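Note that the protein sequences, when read in sequence, are chains G and A.
The working numbering puts the first sequence at residues 330 to 729.
The working numbering puts the second sequence at residues 42 to 307.
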Amino acid sequence: MTNYNDYPDQLGHFGPYGGSFVAETLMEPLAELRAAYTKYKDDADFKAEFVADLKDYVGRPSPLYFAKRLTENYQGAQIYLKREDLNHTGAHKINNTIGQALLAKRMGKTRIIAETGAGQHGVATATIAARLGMPCVVYMGAEDIKRQAANVYRMKLLGAEVVSVRSGSRTLKDAVNEALRDWVTNVDDTFYILGSVTGPHPYPQMVRDFQTVIGQEAKQQMQTVNGKLPDALVACMGGGSNAMGLFYPFLDDASVKMYGVEAAGEGIETGKHAAALTAGQRGVLHGNRSYILMDDDGQIIEAHSISAGLDYPAVGPEHAWLKDSGRVEYVAVTDQQALASFRELCLMEGIIPALESSHALAYATGLASEMEKEQTVVVNLSGRGDKDIHTIASIDGINL
Amino acid sequence: MTRLAKTFESLKSQNKKALIPYITAGDPLADGTVAIMHSLVKAGASILELGVPFSDPAAEGPVIQAAHERALANGVTLKKVLADVATFRQQDQDTPIVLMGYLNPIEHMGYAAFAKAAAQAGVDGCIIVDLPYEESRDLCDELRTNAIDLIFLIAPTSSDERIKHMCEAASGFLYYVSFKGVTGAGRLDVSAAKQRVEHLRELSGLPIAVGFGIRDPASAAAVAQFADAVVVGSALIAKLAELSNPTTEQCNQTAMAFITSLSAVI
Numbered sequence: 330m331t332n333y334n335d336y337p338d339q340l341g342h343f344g345p346y347g348g349s350f351v352a353e354t355l356m357e358p359l360a361e362l363r364a365a366y367t368k369y370k371d372d373a374d375f376k377a378e379f380v381a382d383l384k385d386y387v388g389r390p391s392p393l394y395f396a397k398r399l400t401e402n403y404q405g406a407q408i409y410l411k412r413e414d415l416n417h418t419g420a421h422k423i424n425n426t427i428g429q430a431l432l433a434k435r436m437g438k439t440r441i442i443a444e445t446g447a448g449q450h451g452v453a454t455a456t457i458a459a460r461l462g463m464p465c466v467v468y469m470g471a472e473d474i475k476r477q478a479a480n481v482y483r484m485k486l487l488g489a490e491v492v493s494v495r496s497g498s499r500t501l502k503d504a505v506n507e508a509l510r511d512w513v514t515n516v517d518d519t520f521y522i523l524g525s526v527t528g529p530h531p532y533p534q535m536v537r538d539f540q541t542v543i544g545q546e547a548k549q550q551m552q553t554v555n556g557k558l559p560d561a562l563v564a565c566m567g568g569g570s571n572a573m574g575l576f577y578p579f580l581d582d583a584s585v586k587m588y589g590v591e592a593a594g595e596g597i598e599t600g601k602h603a604a605a606l607t608a609g610q611r612g613v614l615h616g617n618r619s620y621i622l623m624d625d626d627g628q629i630i631e632a633h634s635i636s637a638g639l640d641y642p643a644v645g646p647e648h649a650w651l652k653d654s655g656r657v658e659y660v661a662v663t664d665q666q667a668l669a670s671f672r673e674l675c676l677m678e679g680i681i682p683a684l685e686s687s688h689a690l691a692y693a694t695g696l697a698s699e700m701e702k703e704q705t706v707v708v709n710l711s712g713r714g715d716k717d718i719h720t721i722a723s724i725d726g727i728n729l
Numbered sequence: 042m043t044r045l046a047k048t049f050e051s052l053k054s055q056n057k058k059a060l061i062p063y064i065t066a067g068d069p070l071a072d073g074t075v076a077i078m079h080s081l082v083k084a085g086a087s088i089l090e091l092g093v094p095f096s097d098p099a100a101e102g103p104v105i106q107a108a109h110e111r112a113l114a115n116g117v118t119l120k121k122v123l124a125d126v127a128t129f130r131q132q133d134q135d136t137p138i139v140l141m142g143y144l145n146p147i148e149h150m151g152y153a154a155f156a157k158a159a160a161q162a163g164v165d166g167c168i169i170v171d172l173p174y175e176e177s178r179d180l181c182d183e184l185r186t187n188a189i190d191l192i193f194l195i196a197p198t199s200s201d202e203r204i205k206h207m208c209e210a211a212s213g214f215l216y217y218v219s220f221k222g223v224t225g226a227g228r229l230d231v232s233a234a235k236q237r238v239e240h241l242r243e244l245s246g247l248p249i250a251v252g253f254g255i256r257d258p259a260s261a262a263a264v265a266q267f268a269d270a271v272v273v274g275s276a277l278i279a280k281l282a283e284l285s286n287p288t289t290e291q292c293n294q295t296a297m298a299f300i301t302s303l304s305a306v307i
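1) What does the Cβ neighbour count give for Met207 (chain A), buried or exposed, with the cut at 16 atoms within 10 Å?
2) Are the C-beta of Ser275 (chain A) and some C-beta of chain C separated by less than 7 angstroms?
3) Just list the residues that DSSP pairs Cys565 (chain G) with in beta bridges.
4) Would the stretch 622 to 642 of chain G and the stretch 351 to 371 of chain G be scored as touching if the rule is three or more Cβ pairs under 8 angstroms?
5) Answer with buried or exposed for Asn286 (chain A), where buried requires no fewer than 16 other C-beta atoms within 10 angstroms of its C-beta.
6) Following the continuous beta strand (DSSP E) through Tyr143 (chain A), name the residue where it begins and the one where it ends.
7) In angstroms, rounded to a whole number, what distance separates the CA positions of Thr224 (chain A) and Phe193 (chain A)?
8) Return the chain-ordered ranges of every alpha helix (DSSP H) run that is complete within the stretch 70 to 136 of chain A and spans a minimum of 4 residues.
9) Out of A:Glu183, A:Arg256, A:Arg203, A:Ala270, which has the shortest C-alpha to C-alpha gap to Lys235 (chain A)?
10) Would you say Ile522 (chain G) and Thr445 (chain G) are within 7 angstroms of each other, going by their C-beta atoms?
11) Is it buried or exposed for Gly596 (chain G), if we count other Cβ within 10 angstroms and need 16 for buried?
12) Verify the CB distance criterion: does Asn571 (chain G) have a CB-CB separation below 7 angstroms to chain A?
13) Would you identify the three-state DSSP class for Arg656 (chain G), choosing helix, strand or coil?
14) Identify the continuous alpha helix (DSSP H) that holds Met573 (chain G) and give its terminal residues.
15) Check each residue of the stretch 599 to 617 of chain G: if its Cβ is closer than 9 angstroms to any Cβ of chain A, include it; give the result in chain order.
16) When DSSP labels each residue in this structure, what does Ser54 (chain A) get in the three-state scheme?
17) Measuring only between beta-carbons, confirm whether Asn222 (chain A) sits less than 7 angstroms from chain G.
18) Assuming contact is defined by CB atoms lying nearer than 7 angstroms, are Ala564 (chain G) and Asn571 (chain G) in contact in what I supplied?
19) So what does DSSP say about Tyr468 (chain G), is it helix, strand or coil?
20) Let me check understanding here. Comparing Cα to Cα, which of G:Val526, G:Ala667, G:Asp624, G:Thr519 lies closest to Met436 (chain G)?
21) With contact counted as at least three CB pairs below 8 angstroms, one residue from each stretch, are the stretch 498 to 510 of chain G and the stretch 635 to 648 of chain G in contact?
22) On the CB-based measure, 16 or more other CB atoms within 10 Å of its CB, does Met484 (chain G) come out buried or exposed?
23) Name the residue from A:Asp179, A:Ile189, A:Ser232 whose alpha carbon lies nearest to the alpha carbon of Ala46 (chain A).
24) To the nearest angstrom, report how far apart Ala367 (chain A) and Leu191 (chain A) are at their CA atoms.
25) Kindly indicate which three-state DSSP category Gln665 (chain G) falls into: helix, strand or coil?
26) Contact defined as beta carbons within less than 8 angstroms: I believe Leu431 (chain G) pairs with Phe379 (chain G). What is the distance between those atoms, to the nearest angstrom?
27) Over the uninterrupted alpha helix (DSSP H) stretch that includes Tyr366 (chain G), give me the two end residues.
28) Could you tell me the boundaries of the alpha helix (DSSP H) in which Leu303 (chain A) lies?
29) Measure the CB-CB distance between Glu658 (chain G) and Tyr588 (chain G) and report whether it falls below 7 angstroms.
30) What is the DSSP secondary structure of Asn506 (chain G), counted as helix, strand or coil?
31) What are the partner residues of Leu410 (chain G), as DSSP defines its beta bridges?
32) Any idea if His79 (chain A) is buried or exposed, counting beta-carbon neighbours within 10 angstroms, 16 or more meaning buried?
33) Pull the bridge partners of Gly616 (chain G) from the DSSP assignment, please.
34) For the pair the stretch 51 to 58 of chain A and the stretch 603 to 616 of chain G, tell me if three or more CB-CB distances fall below 8 angstroms.
35) So, using beta-carbon positions, are Ser87 (chain A) and Leu60 (chain A) closer together than 7 angstroms?
36) Opposite Ile442 (chain G) in the DSSP bridges: which residues?
In structure tokens, the structure reads:
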């Protein structure tokens, strides 16, 4: 049986995936980061500070909420929502930025940079930079800046400089490129807080570890309310950090089925989607080998999703490996399906979910309806939908 | 002996340094690359560095990023770049050609297929910006089988331990990146680069090229004092990018004029 704790290897490989594929200038800084992370991840003071921040600043543990009306509506398995939307800053992203910022402080770094797509990771990074009193630069695609004006303004209120990225497709992937360019230029004093389980080693492992608090809590909470493990876990997939955080503590529990839900956009068959695991190919982008959307020449294709946070043409390398190993099933849900689930949760449970998380809800409700009533499904409600109301309003023909 | 080895040996015997201009294939014109390559040789280039355009050139500054975008808009693919090299080789059997690009298009073609096609086209070396030596063994083996050198970039941050490993895997020449940053940033510190190059010579007998930040005859001449080869990229691309709706002839003249000004002083 595969021991999931043995991965990644020393060079950051998850089977054939992962690794470090960056410019030579960044290899030593990555080695320093690896050394610091290895040192502090088991350090008692570091862990205590991380746990205390998650409790007092983020508001953890996040509740595990039984969605009664939603469950009744689908007449199948009991649907539980892991309420990451209730975290400070409104999403799971803060778990990781706190962990990396504590590391940055210990490494003596004095400047923070980050990339962001929807702006959630940018807001979470700006938040923690403000708290530590460090200057913060967030790179964001010019297209995303247009789509997520409220988050741009939040970052500015928090003191961050938001740099509009106008190269390439002007979205998240180009923001990552620009953050890498900044880092290669300012390696001495700068810490790059990467937002997902992507990038070069050790980021996929480190971000996963900081996010596993989601799965650890969920496991304990299910034990408390139901006395047993859940039967299925469902999470949406952009880079895959909220999914990795939920799944990881359950990987060795063979009875627990796991589903990573990608964005099928306008439909896989239209080519306008962001489903790298469903429809991508093996390749190398942003420092690691994984599944990526690309054309016949190996050029990266722009991703499409109504949800800016899922609008990324690749996926974290550990997910690529979990797909190949068969441990996690990866599926895809369209914009329309996600929108229907968004509205459904608003009306049935009084919760406005992020469009990202609405993808997980869309798959989970269908899944639950095919399961037995005594079974349970945990959905990672990774973020709240306040940031998306302009998108929804414009679909409804309303100008807020 | 490979073209690269021959070129460095011949220059050494004449007490000369190599000038290595960089252009992105398919920029600014889809079909103008081969003509520019011949013009560069006429102007005194000893080795040509040909950029393979990529959608996500994370190590490039704005000038070369824009060149990649123009080339991709012109429909340039890795296959087309190799076809250009093959066309160039019909008239020039001697000037070494080094491809510079990112791993994904090569990985997508397949290492073995790429190495074979590149050798058939007449490629002499590859610089792959996002392929550190730790991950390079499989491609290195395929390239070596086809007598193509894998050329490693060495950075100001590279430790001696890393450099030793890279020198073991490297062939052709070493490429020293003169500063921490992206291509074309104006941060060249000549004395720091000199110190590092002298240190590299203690670790490797391979010829050493220096690139990033060389933009004019003065900086080229300064670097040629201590390096075996001088690479100039962004400054040349910027000259070509200044031409509005250029003809092949204008591109050739512009490239020739600039490279002649550099080859005259090194």
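From the three backbone atoms N, C-alpha and C, an ideal C-beta is built for every residue, glycine too.
Here the structure is a predicted model, which is why all the values come from computation and not from measurement.
Inspection of the coordinates gives the following:
1) Here residue 207 (chain A) is taken as the residue at index 166 of the second sequence, counted from 1. Label assigned to Met207 (chain A): buried.
2) In summary, chain C is missing from the structure at hand, where the protein chains are G and A.
3) To locate residue 565 (chain G), count along the first sequence from 1; it is residue 236. According to DSSP, which records beta bridges pairwise, Cys565 (chain G) is partnered with G:Val590.
4) Because the criterion of three Cβ pairs below 8 angstroms is not met, the stretch 622 to 642 of chain G and the stretch 351 to 371 of chain G do not touch.
5) Mapped onto the second sequence, residue 286 (chain A) falls at position 245. Exposed, since its Cβ has fewer than 16 Cβ neighbours within 10 Å.
6) Along the second sequence, one-based indexing puts residue 143 (chain A) at 102. Segment: none, Tyr143 (chain A) is in no beta strand (DSSP E) and carries neither H nor E.
7) Counted from its first residue, the second sequence places residue 224 (chain A) at position 183. Counted from its first residue, the second sequence places residue 193 (chain A) at position 152. It is roughly 16 angstroms from the alpha-carbon of Thr224 (chain A) to the alpha-carbon of Phe193 (chain A).
8) 74 to 83, 103 to 114, 119 to 132, all fully within the stretch 70 to 136 of chain A.
9) In the second sequence, counting from the first residue as 1, residue 235 (chain A) sits at position 194. With distances taken between CA atoms, Lys235 (chain A) lies nearest to A:Ala270 out of A:Glu183, A:Arg256, A:Arg203, A:Ala270.
10) Reading the first sequence from its first residue, position 193 is the one you call residue 522 (chain G). Reading the first sequence from its first residue, position 116 is the one you call residue 445 (chain G). Their beta carbons are not under 7 angstroms apart, which means Ile522 (chain G) does not touch Thr445 (chain G) by this criterion.
11) Within the first sequence, numbered from 1, the residue matching residue 596 (chain G) stands at position 267. It is exposed - the Cβ of Gly596 (chain G) has fewer than 16 other Cβ atoms within 10 Å.
12) Position 242 of the first sequence, counted from the start, is the residue given in the question as residue 571 (chain G). Output row for Asn571 (chain G): interface = no.
13) What you label residue 656 (chain G) is simply residue 327 of the first sequence in a count that begins at 1. Arg656 (chain G) carries a coil assignment under DSSP once its states are collapsed to helix, strand and coil.
14) Counted from its first residue, the first sequence places residue 573 (chain G) at position 244. From DSSP, the alpha helix (DSSP H) with Met573 (chain G) extends over 570 to 576.
15) For the stretch 599 to 617 of chain G, which is checked against every Cβ of chain A, the residues closer than 9 angstroms are Gln610, Arg611, Gly612, Val613, Leu614, His615, Gly616.
16) Here residue 54 (chain A) refers to the residue found at position 13 when the second sequence is read from its first residue. DSSP places Ser54 (chain A) within a helical segment (H, G or I) once states are collapsed to three.
17) Mapped onto the second sequence, residue 222 (chain A) falls at position 181. As written in the sequence, residue 222 (chain A) is Gly, which differs from the Asn given in the question. Flagged as an interface residue toward chain G: Gly222 (chain A), by a C-beta distance shorter than 7 angstroms.
18) Position 235 of the first sequence, counted from the start, is the residue given in the question as residue 564 (chain G). Position 242 of the first sequence, counted from the start, is the residue given in the question as residue 571 (chain G). In contact: Ala564 (chain G) and Asn571 (chain G) (Cβ atoms closer than 7 angstroms).
19) Within the first sequence, the letter at position 139 stands for residue 468 (chain G). Tyr468 (chain G) sits in a strand when the DSSP states are folded into three classes.
20) The count along the first sequence starts at 1 and reaches residue 436 (chain G) at position 107. Per the Cα distances, G:Thr519.
21) Remark: three or more beta-carbon pairs, one from each stretch, lie closer than 8 angstroms, so the stretch 498 to 510 of chain G and the stretch 635 to 648 of chain G are flagged as touching.
22) Here residue 484 (chain G) is taken as the residue at index 155 of the first sequence, counted from 1. With 16 or more other Cβ atoms within 10 Å, it is buried.
23) Position 5 of the second sequence, counting from 1, holds the residue named residue 46 (chain A). When each option's Cα is compared against that of Ala46 (chain A), the closest is A:Ile189.
24) This structure does not reach residue 367 (chain A), given that chain A is present from 42 up to 307, and the question cannot be answered.
25) Locating residue 665 (chain G) in the first sequence gives position 336, counting from the first residue. Helix at Gln665 (chain G).
26) Reading the first sequence from its first residue, position 102 is the one you call residue 431 (chain G). Reading the first sequence from its first residue, position 50 is the one you call residue 379 (chain G). The beta-carbon separation of Leu431 (chain G) and Phe379 (chain G), rounded to 6 angstroms, stays under the 8 angstroms limit for a contact.
27) Counting from one through the first sequence, the residue named residue 366 (chain G) turns up at place 37. Run containing Tyr366 (chain G): 356 to 369, per the alpha helix (DSSP H) assignment.
28) Within the second sequence, numbered from 1, the residue matching residue 303 (chain A) stands at position 262. From DSSP, the alpha helix (DSSP H) with Leu303 (chain A) extends over 289 to 304.
29) Taking the first residue of the first sequence as 1, we reach residue 658 (chain G) at position 329. Taking the first residue of the first sequence as 1, we reach residue 588 (chain G) at position 259. Contact: yes.
30) Residue numbering aside, residue 506 (chain G) sits at position 177 when the first sequence is read from its first letter. Helix, per DSSP.
31) Working through the first sequence from its first residue, we reach residue 410 (chain G) at position 81. Looking at the DSSP assignment, Leu410 (chain G) forms a beta bridge with G:Tyr394, G:Val708.
32) Against the second sequence, residue 79 (chain A) aligns to sequence position 38. His79 (chain A) is buried by the Cβ-count criterion.
33) The residue given as residue 616 (chain G) occupies position 287 in the first sequence. Among the bridge pairs identified by DSSP, Gly616 (chain G) is matched with G:Phe350.
34) Contact between the stretch 51 to 58 of chain A and the stretch 603 to 616 of chain G is absent: fewer than three C-beta pairs spanning the two stretches fall below 8 angstroms.
35) Residue 87 (chain A) sits at position 46 when you count from the first residue of the second sequence. Residue 60 (chain A) sits at position 19 when you count from the first residue of the second sequence. Their beta carbons are under 7 angstroms apart, which means Ser87 (chain A) touches Leu60 (chain A) by this criterion.
36) As a working mapping, residue 442 (chain G) is identified with position 113 in the first sequence. Paired residue(s): G:Val466, G:Tyr521.
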